[in-house]
Amino acid sequence: MTATLINGNALSKIIRADVAARAAALAQQGCRPGLAVLLVGDDPASAVYVRNKIKACEEHGLHSSCDRYPADLSEAELLARIDALNRDPAIHGILVQLPLPAHINSHKVIEAIAAAKDVDGFHIANAGALLTGRPSFRPCTPYGVMMMLQAAKIPLSGASAVVIGRSNIVGKPMALLLLEAGATVTICHSKTRDLASYTRAADIVVAAAGQRNVLRADMVKPGATVIDVGMNRDETGKLCGDVDFESVKEVAGHITPVPGGVGPMTITMLLVNTLTAAEQAYAQRLPS
Ligand code: NDP
Numbered sequence: 001m002t003a004t005l006i007n008g009n010a011l012s013k014i015i016r017a018d019v020a021a022r023a024a025a026l027a028q029q030g031c032r033p034g035l036a037v038l039l040v041g042d043d044p045a046s047a048v049y050v051r052n053k054i055k056a057c058e059e060h061g062l063h064s065s066c067d068r069y070p071a072d073l074s075e076a077e078l079l080a081r082i083d084a085l086n087r088d089p090a091i092h093g094i095l096v097q098l099p100l101p102a103h104i105n106s107h108k109v110i111e112a113i114a115a116a117k118d119v120d121g122f123h124i125a126n127a128g129a130l131l132t133g134r135p136s137f138r139p140c141t142p143y144g145v146m147m148m149l150q151a152a153k154i155p156l157s158g159a160s161a162v163v164i165g166r167s168n169i170v171g172k173p174m175a176l177l178l179l180e181a182g183a184t185v186t187i188c189h190s191k192t193r194d195l196a197s198y199t200r201a202a203d204i205v206v207a208a209a210g211q212r213n214v215l216r217a218d219m220v221k222p223g224a225t226v227i228d229v230g231m232n233r234d235e236t237g238k239l240c241g242d243v244d245f246e247s248v249k250e251v252a253g254h255i256t257p258v259p260g261g262v263g264p265m266t267i268t269m270l271l272v273n274t275l276t277a278a279e280q281a282y283a284q285r286l287p288s
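Residues 1 to 288 (the UniProt record's numbering) make up the sequence shown, in order.
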């Protein structure tokens, strides 16, 4: 049996069309949603991600700006720029591309972003709101995964889910969103003993380890849903995920490809969060 593909490109197209329509409606009322992206240093992967985010904004009627800084930018200069963007009414979302150079404290930088403009959902106020079940900006990658699970009609309430990875930007918020949806969630990581014993029992596995082939066919329950967040390069330089796609697709019920899976959904949910931030800012400006 071959698994059904959950196509991130196709789902993105549908959601992005809705974003474009809502952005146009808001622009007609004099409020064009705006995203500011800050890139420090010359990491080539970060440059590609930033370019794709800016391009997606332009294609869907969002205004965007990108500040590119040398790797030796001081933390104080970066904080001053964020402060200015926090006060800029034309900017509704602020995104600092991670990772930052080692001399800059990324926690301090993220905490400097106004929570209402934190469209990455990494600010401690948004992370805390997610933890306590209150409305917040959801981190884009896990939020995109939830949209994919919903679109594929994967039952979540009562399902057994394993998340491989416990980072603040993917693994932990992913686990919280699955928990919120009623799944019984296990978080695995590099110290987990016998990873396969957990994944084999799972109805849903989300692989976000950043390690090729972390999930192989013998580790997957027949019919399970497998979501591949990983973005790695194989020995030929080709983009690949964390999942051994060719073997796992013969066992799983649903699977996401790399590329064309979670990657485009991450950018799509950034557009959604930025638009939401703009709609909220606009609503607050109107007299009640
Ligand atoms: P991190 O490196 O911050 O976290 C990786 C996590 O995986 C850690 O918790 C680590 O455990 C765990 N881990 C590593 N190796 C193993 C292993 N062999 N078995 C079990 N657990 C393991 O990465 P991110 O969370 O930032 O990203 C994860 C992956 O997702 C990367 O490939 C990244 O490129 C990709 N990504 C893709 C996005 C997209 O849009 N598709 C967006 C963001 C990320 P420990 O904590 O013990 O070290």
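Glycine included, every Cβ here is placed at the ideal spot set by N, Cα and C.
Closer than 8 Å by C-beta to residue i: which residues in its own chain qualify, once you throw out the five before and the five after it? Chain order, please.
i	result
A207	I164, G165, V214, L215, V226, I227, D228, V229, G230, G241, D242, V243
C57	L35, H63, S64, L271, T274
K53	L35, V37, S64, L95, I267, L270
Can you list, in chain order, the residues of its chain with a C-beta nearer than 7 Å to that of residue i? Leave out the 5 residues immediately preceding and following it.
i	result
A224	A202, D203, I204, V205, A252, G253
A20	H60, G61
H123	I110, E111, I113, A115
How should residue i be labelled, buried or exposed, when 16 other C-beta atoms within 10 angstroms of its C-beta is the threshold for buried?
i	result
R22	buried
D218	exposed
L239	exposed
S74	exposed
residue 361	As shown, the chain starts at 1 and ends at 288. That puts residue 361 outside it, with no answer to give.
Starting from residue i, trace the alpha helix (DSSP H) in both directions and tell me its first and last residue.
i	result
R16	8-28
S197	195-199
Provide the residue span of the beta strand (DSSP E) that contains residue i, from first to last.
i	result
L95	93-96
C188	184-188
A207	204-207
Spatial neighbours of residue i within its chain, please: C-beta separation below 6 Å, excluding the five flanking residues on both sides.
i	result
residue 310	Coverage of the chain is limited to positions 1 through 288, which leaves residue 310 absent and any answer about it impossible.
R138	G121
P142	P173, M174, L177
Since residue i sits in a beta bridge, which residues does DSSP pair it with?
i	result
S160	T184
D234	Bridge partners of D234: none, in fact.
L5	I255
**Report entry** Whole runs of the beta strand (DSSP E) within the region 25-81, excluding any shorter than 3 residues
**Finding:** For the region 25-81, whole beta strand (DSSP E) runs of length 3 or above, ordered along the chain, are 34-40, 63-69.
Requested in this report: Write down every uninterrupted run of the alpha helix (DSSP H) in the region 210-278 whose length is 4 residues or greater and which is fully enclosed by it, in chain order.
Outcome: Here the runs fully enclosed are 245-248.
Requested in this report: Entirely within the region 81-139 and at least 4 residues each: give me those alpha helix (DSSP H) ranges in chain order.
Outcome: The region 81-139 contains these whole alpha helix (DSSP H) runs: 106-112, 124-131.
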